[in-house]
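**Student:** Everything in the sequence shown is counted per full-length UniProt numbering, starting at 1 for the first residue and increasing by one. Beta carbons: idealized from backbone N, C-alpha and C, even for Gly. I have a structure I would like to understand better, so I am pasting it below and will then ask my questions one at a time.
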Amino acid sequence: MGEMFTDIAMNNMEEGVSPGHPSEMNNGVQLTFKNIVYKVTNKRYKKQHSLTYKMFNHKKMKSIVPESEKELTILHGVSGVIERGELVALMGPSGSGKSTLLDILAKRKSSGHITGQLLVNGKEIGEAYKNYCSYVTQEDILLPTATVEETLRFYADLRLSDASDEYKQERIRAVLEDIGLAKKASSKIGGMLPGGIQLRGLSGGEKRRVSIGCGLVTNPSLIFLDEPTSGLDSVNALVVMKTLMNLCTKGVTVICSIHQPRPEIWRLFNKVMVVVKGRMIYSGSDILSYFDSLGFPTPPHVNPADFCLDAAVEIGESSRYIEICERWQQHWETEVNTAALPPVEDQQPRRIPSWAYQYQILLKRAFRDFLRNPGNFVARTITGVIVGLLFGACFGGLGETQVDIQKIIGVIFFLISGLNLTPYAVISLFLSGRALFNQERAAKIYHPIPYFLSMLTVENIVVVIIAILMAGITYAISHLRWSVGRFFFSMLVFYFVHLFSDLCIILLTNLTGTSDHTFAIGAGLSVVYQLFAGFFVPVQQLPKSFAFLHYLNPLFYAFASLMVNEFEDRPLVCPPEPQPCQYPNGNDVIKAFGLDNWTRADAFGVTVMWTVVFFILSYLALTFLHKEKR
Ligand SMILES: Nc1ncnc2c1ncn2[C@@H]1O[C@H](COP(=O)(O)OP(=O)(O)OP(=O)(O)O)[C@@H](O)[C@H]1O
1 MGEMFTDIAM NNMEEGVSPG HPSEMNNGVQ LTFKNIVYKV TNKRYKKQHS
51 LTYKMFNHKK MKSIVPESEK ELTILHGVSG VIERGELVAL MGPSGSGKST
101 LLDILAKRKS SGHITGQLLV NGKEIGEAYK NYCSYVTQED ILLPTATVEE
151 TLRFYADLRL SDASDEYKQE RIRAVLEDIG LAKKASSKIG GMLPGGIQLR
201 GLSGGEKRRV SIGCGLVTNP SLIFLDEPTS GLDSVNALVV MKTLMNLCTK
251 GVTVICSIHQ PRPEIWRLFN KVMVVVKGRM IYSGSDILSY FDSLGFPTPP
301 HVNPADFCLD AAVEIGESSR YIEICERWQQ HWETEVNTAA LPPVEDQQPR
351 RIPSWAYQYQ ILLKRAFRDF LRNPGNFVAR TITGVIVGLL FGACFGGLGE
401 TQVDIQKIIG VIFFLISGLN LTPYAVISLF LSGRALFNQE RAAKIYHPIP
451 YFLSMLTVEN IVVVIIAILM AGITYAISHL RWSVGRFFFS MLVFYFVHLF
501 SDLCIILLTN LTGTSDHTFA IGAGLSVVYQ LFAGFFVPVQ QLPKSFAFLH
551 YLNPLFYAFA SLMVNEFEDR PLVCPPEPQP CQYPNGNDVI KAFGLDNWTR
601 ADAFGVTVMW TVVFFILSYL ALTFLHKEKR
């Protein structure tokens, strides 16, 4: 394996992959991990001791999960050392604990109980450890509308917030060369846009290299990659691995979990670590001889990686498993003596930029994305204008006669219903945004609050435009109550109706995580909201058993404030006598709908409160639900 390393490095240079800039070269570090134990709560045990279980399954309790299995041990004292500039493959059967170990080495595990030591050049360095490493996930969740350079710039702005603009530019240029994408710096990432449009962009292998590049912006010494070649064809997989190996030649240490690499990729690795059922059974550069010594000789004409994996599975299932693990442990403790490199200088953990700065960077990206994918906004705006015009055409030039009163109430109700339904168009937008957010949040590059606010700032602009266009056009053509103050008040209410409806859909999207469920629940909710808004059945006529429902209905308060705004103290025209006059004054209309206890300000105040409630709930759902699982 070792000799191949140099050959391929030379090949890379000949093929034009940049050897990098000496000024940017990383000194590299040695990583030692000792006796890593990872335990998690056994969910079955926890469930068994829950109150409901105790109540309903009391008799079965003892026989299921014993006290000794209160915790599950995922990693049982794993140790190893990775030298500066090594390309290391972390292998093992599925479920053996590779990803868990990788997460722990990258300090990304926030759940469970971890013990053991992580040493950089033989020294424990606490939180500053994160300055040295970066982690590349298996999926390439990138913003399709951004270019390669903008994607790297986003990471540079957030990760190197203290650095000068020139330094960031220089880093981006170096990274582009490292990942072999200097010529594609201005190409869009591409992929499926929310709503289903396919944007042409980079190939799968190039996207993987951009993901790697995002991790390289900080010039890390250690790079952890979770299955960097999964999902790639063999050519792209080799290009990605050569990119990584090229980094190793500069002293960067690369550790990746990998399943069954083809022989060309296998030969690139300097070291293989094999984990079986949470225990290390081998770590070194001559695994085939070691397995031979254990009684697993390599058959001829076989992919060595396939053979190693098969042998690892066999070892895991054999009665010699514990003996083999102990043999390796003893070998590690007694025979593996690596000299630590000179200790690294003390460093402060990287400074986290302020929320205001994060908001500014996120807002810039959100705006750019909005401008480059305007389809959703255009469709919603055109729909809003057409609906406004149609409303106007149906209810044009309303006056103050008894016949017009019903029409005015109809216009008010159907406008708030229309604005309540418009946000369904943004479900895919929120869902795709959240996938990106989850990925970036796991990398801890920003806090959820600036993200949520930047996302809502852009959405809010759309909300204002649609609400004003749709309601404004209808208001003017239908000729609702003609006074500047009342016009602006009603526009404000319509805006809030659209805003809380938007937030309600964001909440449902974040609660359910799927568009189907959001549609199903949202449609039901909208019907209930509209039914109990006070238009179809005035509040006082609702059956007592569920009359309270209108209090939980934000549309009711919007409807109430608009009705009071429209009719309070408004003289109405009665038909000539002896015909009866149902509503001689607007106050009679308000009373007939059971809204005489409300002032427009009070009802509007509750509408705003509902908006705040939806705002808080949707933020909490975004932050605490459907996180990235690891
Ligand atoms: N928080 C947790 N709670 C319960 N079990 C867990 C937890 N984390 C990991 N495990 C279990 O630990 C084992 C190792 O998981 P891990 O994902 O590290 O395996 P892996 O080797 O990466 O598998 P694969 O190759 O399939 O990705 C699995 O059986 C997994 O279910």
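#1: State the Cα-Cα distance for the pair F414 and V458, rounded to the nearest angstrom.
#2: Could you give the C-beta distance for L72 and N35, rounded to a whole number, given that I count them as a contact under 8 Å?
#3: Could you tell me if the beta carbon of I74 falls within a distance shorter than 6 Å of some heavy atom in ligand 1?
#4: Rounded to whole angstroms, what's the CA-CA distance from H550 to D569? Just pull it up for me.
#5: Do S94 and ligand 1 come close, with the Cβ less than 6 Å from some heavy atom?
#6: Once you ignore the five residues that flank S618 on each side, which residues in its own chain have a CB closer than 7 Å to its CB?
#7: State yes or no: is the C-beta of G392 nearer than 6 Å to some heavy atom of ligand 1?
#8: Quick one: grab the DSSP three-state call for D157.
#9: Between the Cα of T147 and the Cα atoms of I179, S354, G201, which residue gives the shortest distance?
#10: Just to check, is the beta-carbon of V136 closer than 6 Å to a non-hydrogen atom of ligand 1?
#11: Cβ of K207 versus every heavy atom of ligand 1: is any distance shorter than 6 Å?
#12: Let me check you understand the geometry: is the CB of S99 closer than 6 Å to at least one non-hydrogen atom of ligand 3?
#13: If the criterion is Cβ atoms closer than 7 Å, does the pair G204 and L232 meet it?
#14: Please classify Q530: is it buried, with 16 or more other beta-carbons within 10 angstroms of its beta-carbon, or exposed?
#15: So is the beta-carbon of V81 under 6 Å away from any non-hydrogen atom of ligand 1?
#16: From the DSSP output, which residues share a beta bridge with R279?
#17: Between which two residues does the alpha helix (DSSP H) carrying S561 extend?
#18: Where does I189 sit, in a helix, a strand or coil, going by DSSP?
#19: Quick one: measure Cβ to Cβ for S96 and F33, integer angstroms, because I've assumed they're closer than 8 Å.
#20: With residue 639 and S526 assumed to form a contact (beta carbons below 8 Å), what rounded beta-carbon distance in angstroms separates them?
#21: Quick check on E566: buried or exposed, where buried means 16 or more other Cβ atoms within 10 Å of its Cβ?
#22: With DSSP run on the structure shown, which of helix, strand or coil describes K207?
#23: Is G284 helix, strand or coil by DSSP?
#24: Return the chain-ordered list of same chain residues with a C-beta closer than 6 Å to the C-beta of K606, the five sequence neighbours on each side being excluded.
#25: Please list the terminal residues of the continuous beta strand (DSSP E) segment that includes C133.
#26: Of the choices L152, L552, I197, whose alpha-carbon is the least far from that of I179?
#27: For the alpha helix (DSSP H) containing Y38, name the first residue and the last one.
#28: Of all the options E440, V240, V210, K168, which has the alpha carbon lying nearest to the alpha carbon of K184?
#29: Are there 16 or more other CB atoms within 10 angstroms of the CB of H517, so buried, or fewer, so exposed?
#30: Which residues share a DSSP beta bridge with H76?
#31: In the DSSP output, which residue or residues are listed as bridge partners for T115?
#32: Using only the alpha-carbon positions, how far apart do E400 and V539 sit?
#33: Pull the bridge partners of K271 from the DSSP assignment, please.
#34: With DSSP as the reference, label T512 as helix, strand or coil.
#35: Since I125 is in the beta strand (DSSP E), which residue starts that stretch and which ends it?
#36: Can the beta-carbon of F291 be found closer than 7 Å to that of A305?
**Tutor:** In short, the structure shows the following:
#1: For F414 and V458, the gap between their C-alpha atoms comes out near 26 Å.
#2: For L72 against N35, the beta-carbon gap comes to about 18 Å, at or over 8 Å, which does not count as contact.
#3: Result yes, Cβ under 6 Å from ligand 1.
#4: One C-alpha to the other measures close to 25 Å.
#5: Under cutoff, so the answer is yes.
#6: If we look at S618 and ignore the five residues flanking it on each side, its Cβ neighbours are L503, I506, L507, N510.
#7: In terms of side-chain proximity, the C-beta atom of G392 is found no nearer than 6 Å to any non-hydrogen atom of ligand 1.
#8: DSSP places D157 in helix when its eight states are reduced to three.
#9: Comparing alpha-carbon positions, the option among I179, S354, G201 lying closest to T147 turns out to be G201.
#10: Outside the cutoff, so no.
#11: Outside the cutoff, so no.
#12: This structure lacks ligand 3; the ligands present are ligand 1.
#13: It is a contact, given that the beta carbons lie within the stated cut-off.
#14: When all chains shown are included, Q530 counts as buried.
#15: Closer than 6 Å to some heavy atom of ligand 1: that does not describe the Cβ of V81.
#16: DSSP lists V276 as partners of R279.
#17: That run of the alpha helix (DSSP H) goes 554 to 567.
#18: DSSP, reduced to helix, strand and coil, places I189 outside both helices and strands of the structure shown, so it counts as coil.
#19: Not really, about 16 Å apart at Cβ, beyond 8 Å.
#20: Not covered by the structure: residue 639. The range shown for the chain is 1 to 630.
#21: The C-beta of E566 has 16 or more other C-beta atoms within 10 Å across all chains shown, which makes the residue buried.
#22: Three-state result, K207: helix.
#23: For G284, the three-state secondary structure derived from DSSP is strand.
#24: Strictly speaking, residue 606 in this sequence is Val, with Lys absent from that position. For V606, same chain residues with a beta-carbon under 6 Å away, outside a window of 5 residues either side, are Y557 in chain order.
#25: Note, C133: beta strand (DSSP E), 133 to 136.
#26: With distances taken between CA atoms, I179 lies nearest to L152 out of L152, L552, I197.
#27: Counting along the chain, Y38 falls outside any alpha helix (DSSP H), though it belongs to the beta strand (DSSP E) covering 31 to 41.
#28: For K184, the nearest C-alpha among the options comes from V210.
#29: Burial is judged here by how many other beta carbons sit within 10 angstroms of a residue's own beta carbon; H517 has fewer than 16 and is exposed.
#30: DSSP lists V37 as the bridge partner or partners of H76.
#31: For T115, the beta-bridge partners assigned by DSSP are V37.
#32: Going from the Cα of E400 to the Cα of V539 covers about 24 Å.
#33: Within the DSSP secondary-structure output, K271 pairs in a beta bridge with V88.
#34: It is helical.
#35: Premise fails: I125 is in no beta strand (DSSP E) and is neither H nor E.
#36: The beta carbons of F291 and A305 sit no closer together than 7 Å.
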